[in-house]
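Numbering (our numbering), first residue to last: 12 to 335.
A virtual CB, placed ideally from N, CA and C, is assigned to each residue, including glycine.
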């Protein structure tokens, strides 16, 4: 009898691979690439990686990969060590110490990586692994090349097993609106095959926004109504819809605008106070020497006189104003 263990069996029987066993689907594939991209076997951080090239390599859309990487950061699996934005941008990730130790132990046992994959380097862009099957933690599961990450599934799905990346869809914003969209609903939407993964995520964001901002209601109930729409396609965003990323940007712009308005207000108040103090320190005879001839017979409280003196004050060198 052949008693040799497969890599997956060795990982399952290991009592230390707690975080590693939680990696499935797209998270697993990205972690394998990140691990293979480390500067050395002992290093926690990677060489610079191009996120678009990562998306090409795993066969997922850029939005899906960015969302998954952000979720991995929030979960403490990885952290951003360094990054460069803009043209030619890149990011270097660090693997959490405990998880890195599990990966090193699994590597020593011959159980890591599960999927041989080339490293994506800065500016490189490894070729897409066309037609490749990426195993998950469950031996009976294989990825369905038809139900890709960003592409629309073709018709209803015959497989009973929903891809892991579909189970990673963020439904929390619907839960906040008391719409309990659950994994069973995800499976049903996936079987219908009329929306892609990206379209579903955007539909969830748009529907939650419609409920929260526009007080959306449905005769058959919010959850049932949402599912009825997803039977035939994605949820159409309302005219005033903005994504979560757009909301963050808008709020940041509003904070900056409020800060700028506050600074202008303080500058104006400071200037008014300084002029008032300067005016109070001048004798009337001195002030009238500077006033235009047509204003000489006007009282100092006259608006035209005040405006004229303000112009004179602002044109004076600061040293003269201080001495005066």
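Using a threshold of 8 Å, state whether the C-beta atoms of residue i and residue j are closer than that.
i           : j           : result
residue 179 : residue 36  : yes
residue 58  : residue 105 : no
residue 43  : residue 174 : no
residue 219 : residue 188 : yes
residue 246 : residue 195 : no
residue 303 : residue 319 : yes
residue 316 : residue 309 : yes
residue 75  : residue 41  : no
residue 101 : residue 60  : yes
What would DSSP say about residue i, mapped onto helix, strand or coil?
i           : result
residue 250 : coil
residue 52  : coil
residue 30  : helix
residue 282 : helix
residue 228 : coil
residue 242 : coil
residue 183 : helix
residue 103 : strand
residue 321 : helix
residue 200 : helix
residue 94  : strand
residue 88  : coil
residue 60  : strand
residue 122 : coil
residue 205 : coil
residue 70  : coil
residue 300 : helix
Could you tell me the alpha carbon to alpha carbon distance between residue i and residue j, rounded to whole angstroms?
i           : j           : result
residue 183 : residue 117 : 33 Å
residue 110 : residue 89  : 9 Å
residue 233 : residue 282 : 56 Å
residue 290 : residue 261 : 43 Å
residue 235 : residue 225 : 18 Å
residue 292 : residue 276 : 25 Å
residue 264 : residue 122 : 48 Å
residue 190 : residue 81  : 24 Å
residue 255 : residue 51  : 37 Å
residue 30  : residue 113 : 8 Å
residue 192 : residue 280 : 54 Å
residue 271 : residue 93  : 31 Å
residue 238 : residue 77  : 26 Å
residue 208 : residue 95  : 28 Å
residue 314 : residue 288 : 17 Å
residue 258 : residue 328 : 46 Å
residue 7   : residue 47  : Because the chain here runs from 12 to 335, residue 7 falls outside it and cannot be looked at.
residue 301 : residue 268 : 39 Å
residue 230 : residue 66  : 40 Å
residue 212 : residue 284 : 55 Å
residue 243 : residue 249 : 18 Å
For the putative contact between residue i and residue j, defined by C-beta atoms under 8 Å, what is the C-beta separation to the nearest angstrom?
i           : j           : result
residue 201 : residue 177 : 5 Å
residue 62  : residue 73  : 7 Å
Return no unless some Cβ of chain B is closer than 8 Å to the Cβ of residue i.
i           : result
residue 223 : Any reference to chain B falls outside this structure, which holds one protein chain only.
Ordered along the chain, which non-local residues of its own chain (more than five positions away) have a Cβ less than 8 Å from that of residue i?
i           : result
residue 49  : 55, 56, 57, 58 and 106
residue 83  : 38, 41, 42 and 89
residue 199 : 238
residue 163 : Any reading at residue 163 must be qualified, since the residue scores a pLDDT of 46, below 50, and its modelled position is unreliable; the value itself is stated next. 204, 205, 206, 207 and 210, listed in sequence order.
Grab me the residues of residue i's own chain with a C-beta within less than 7 Å of its C-beta, minus the 5 sequence neighbours each way, in chain order.
i           : result
residue 363 : This structure gives no information on residue 363, because the portion of the chain shown stretches from 12 to 335.
residue 311 : 295 and 298
residue 286 : 321 and 324
residue 240 : 246
Report all residues from its chain with a CB closer than 6 Å to the CB of residue i; omit the five preceding and five following residues, and keep chain order.
i           : result
residue 87  : 107
residue 251 : none
residue 222 : 188
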